[in-house]
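Chains as they are written, first to last, in the working numbering: chain F, 1 to 521; chain E, 1001 to 1092.
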């Protein structure tokens, strides 16, 4: 709490009081629903009467309605100022009422006390009377009848809902255009009408909610995190926070969302291309590191499905940023022929603790203690069933045979995919002691086909073009450009011998390269 | 009144945008009477003028069941399906 500086407040008669005003002053912040204020207001009134004109004794009520109630209840004659907007209370960072501040004629605070501590109040009374140059006329207070100590009550400006509203109003960090929604308009219908949503309801981004969201990061609200395609609009922390609120995210998710936006808008990941392609991909976010636990993310049963707030809203927030800040809307620059439900938002964590392997981010050079997001231009889940394999070679062959249909069985030289390996499946692989690289190699060899088998022909025109196949039609063509195109992560329920393939888009400099970024908190 | 913060890059104004204005008056015009007294007088007069000045245009008449409530869904869908333009008349 700080002694309030200069202010002007009106009393209940509508008269403006300016502070400081070259007179010693005792300011007393009070509210109506506070027993300690009830205990002390008669004392303050007694000091007011004894001090006469020597000291301005002024009560500051934390609400207009409090003034008549307190005046009647305690027969108060002192001026009562109305801090209904709580601006003065906020500036003073008040947390308790009553709070008293005694100032000399030069406006310096000489004494302050909170709640009721009898020793301090006696000291305050003496100091006030000395300032009034009237120390002979002691106020009529029966100190013996008063308790030694009675703590104060919480000031109204720190009520949780009020505090957020005040902070949002005062922060000055919010610069987004304010949109007034008419009293007769339904807020949710308005948000749909404006095209702000992805087709599902969003949380209205009020200043209070956005301010609260911004508490999830130390970054400046006006810092530009990325330029978001297709419009290459600058996405500030504030704009991303607005969309995060709409997505239903919590403030602690914001660092993940900021990093996801940053990663999506890199040249490697190329969200512009992912958005503009007629292919089915969308940004898939894989979260690694300790933050998974702090956010309560689901990495187990139904990991790729609905039902967990962090999983669901982080991916959605990224998509809303692309839509609203970048202007990337389906049917416009988003040219997906079909798209998929994964494009509402797709985010999941790796169950690192359940994996015998290094997690995704460690493979990519980050420390296990780092938290990261990896963006991958991925498709919806394609499950792989294998309930019979009891060793890695057999199970990984199943992965390979299923992966062979990616894009088209006869297409070769493809880019990145991701296999989300279930716990039961990874146990089978671990029992054989296979590394991730062994899994990748086996996938490649298991489905490398002689060129003659994968050429486009009269039965099916699609396939490897003969120019690519070359002259030696017995040469085996691998499915993927190289082994590193196969990303492996572990996640899912403990029961179920099913893993999931997330197909990808065109990989490489002309497409999208999966991109990992450290989450700075 | 609820206030929200703009989630977009703010290059578009927030006001409701007018529908696109066609270049030529062809097709079907719907005349919608909101069923407020004397609305039909105005609509009749508009129909008369349209028949004189745009004889090639087809005209269809509609009426809301009551002016006190928004047009029912099926009426709005019907007008949308059958008309290229619509003129809605207030009255009194």
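All C-beta atoms, glycine included, are put in the ideal place defined by N, C-alpha and C.
Within chain E, the residues that residue i reaches when beta carbons sit closer than 8 Å
i, result
"residue 196 (chain F)", "1007, 1008"
"residue 249 (chain F)", "Result: empty, since nearest Cβ-Cβ is about 13 Å, beyond 8 Å."
"residue 320 (chain F)", "1007"
"residue 426 (chain F)", "Here the premise fails: no neighbours, minimum Cβ distance about 40 Å."
"residue 174 (chain F)", "1005"
"residue 67 (chain F)", "None at all; the shortest Cβ gap to chain E is about 27 Å."
"residue 246 (chain F)", "1007"
Sequence-distant residues of its chain with Cβ nearer than 7 Å to residue i (five each side left out)
i, result
"residue 191 (chain F)", "197, 202, 204"
"residue 127 (chain F)", "102, 110, 111"
"residue 187 (chain F)", "181, 204"
"residue 291 (chain F)", "256, 371, 519"
"residue 84 (chain F)", "63, 64"
Amino acids of chain F, ordered along the chain, whose beta-carbon sits closer than 8 Å to that of residue i
i, result
"residue 1003 (chain E)", "178, 179, 180, 181, 206, 207"
Cβ-Cβ separation, residue j to residue i (assumed contact under 8 Å), whole Å
i, j, result
"residue 211 (chain F)", "residue 174 (chain F)", "7 Å"
"residue 417 (chain F)", "residue 504 (chain F)", "5 Å"
"residue 593 (chain F)", "residue 450 (chain F)", "As shown, chain F starts at 1 and ends at 521. That puts residue 593 (chain F) outside it, with no answer to give."
"residue 422 (chain F)", "residue 392 (chain F)", "In fact, because the Cβ distance is near 14 Å, the residues do not count as touching under 8 Å."
"residue 54 (chain F)", "residue 24 (chain F)", "7 Å"
"residue 311 (chain F)", "residue 301 (chain F)", "With a Cβ gap of about 12 Å, residue 311 (chain F) and residue 301 (chain F) do not count as contacting."
"residue 94 (chain F)", "residue 29 (chain F)", "6 Å"
"residue 82 (chain F)", "residue 64 (chain F)", "5 Å"
"residue 139 (chain F)", "residue 50 (chain F)", "4 Å"
"residue 315 (chain F)", "residue 346 (chain F)", "5 Å"
"residue 426 (chain F)", "residue 368 (chain F)", "Contact doesn't hold; Cβ gap of about 18 Å is too wide."
"residue 104 (chain F)", "residue 131 (chain F)", "6 Å"
"residue 208 (chain F)", "residue 168 (chain F)", "5 Å"
"residue 1079 (chain E)", "residue 1062 (chain E)", "6 Å"
Within chain E, the residues that residue i reaches when beta carbons sit closer than 9 Å
i, result
"residue 92 (chain F)", "The contacting residues do not exist; residue 92 (chain F) stays about 27 Å from chain E at best."
"residue 141 (chain F)", "Those within 9 Å of residue 141 (chain F) in chain E number zero; the least Cβ separation is about 48 Å."
"residue 187 (chain F)", "1002, 1004"
"residue 324 (chain F)", "1006, 1007, 1008, 1009"
"residue 436 (chain F)", "In chain order: nothing, as chain E lies at least about 40 Å away."
Same chain, Cβ closer than 6 Å to residue i, five either side skipped, listed in chain order
i, result
"residue 114 (chain F)", "96, 99, 152"
"residue 239 (chain F)", "325"
"residue 1042 (chain E)", "1089"
"residue 1085 (chain E)", "1029"
"residue 248 (chain F)", "203, 313"
"residue 219 (chain F)", "237"
"residue 40 (chain F)", "98, 116"
"residue 442 (chain F)", "396"
Sequence-distant residues of its chain with Cβ nearer than 8 Å to residue i (five each side left out)
i, result
"residue 78 (chain F)", "44, 45, 48, 57, 58, 59"
"residue 278 (chain F)", "335, 336, 337"
"residue 1014 (chain E)", "1006"
"residue 436 (chain F)", "357, 358, 363, 488"
"residue 461 (chain F)", "none"
"residue 195 (chain F)", "329"
Interface residues of chain E facing residue i [CB-CB closer than 7 Å]
i, result
"residue 170 (chain F)", "Residues of chain E passing the Cβ test: none, with the nearest at roughly 16 Å."
"residue 242 (chain F)", "1005, 1007"
Determine contact between the segment 1081-1092 of chain E and the segment 1032-1043 of chain E, defined as no fewer than three beta-carbon pairs at a distance below 8 Å.
yes
Pairing CB atoms from the segment 352-372 of chain F with CB atoms from the segment 282-289 of chain F, are three or more of them under 8 Å?
Flag = yes, the segment 352-372 of chain F and the segment 282-289 of chain F touch.
Is the number of C-beta pairs between the segment 1004-1012 of chain E and the segment 506-515 of chain F that are closer than 8 Å three or more?
no
Selection of the segment 326-354 of chain F by Cβ proximity to chain E, strictly under 9 Å:
326, 327
Along the segment 206-233 of chain F, where does the CB come closer than 7 Å to a CB of chain E? Name the residues.
Cβ contacts with chain E: 206, 207, 210, 231, 233.
Closer than 7 Å, Cβ to Cβ, to anything on chain F: give me those residues from the segment 1012-1034 of chain E, in chain order.
Along the segment 1012-1034 of chain E, going in chain order, the ones with a CB nearer than 7 Å to a CB of chain F are 1014.
Across the segment 487-501 of chain F and the segment 239-259 of chain F, are there enough close Cβ pairs to call them in contact, namely three or more that are closer than 8 Å?
no
Three or more beta-carbon pairs under 8 Å between the segment 487-498 of chain F and the segment 344-352 of chain F, yes or no?
They touch, by the three-pair rule.
Tell me whether the segment 471-485 of chain F and the segment 430-447 of chain F touch, counting them as touching only if at least three CB pairs, one residue from each stretch, are closer than 8 Å.
Taking one beta carbon from each stretch, the segment 471-485 of chain F and the segment 430-447 of chain F have 3 or more pairs nearer than 8 Å; the two touch.
Would you call the segment 251-267 of chain F and the segment 216-235 of chain F in contact, with 3 or more CB pairs under 8 Å?
yes
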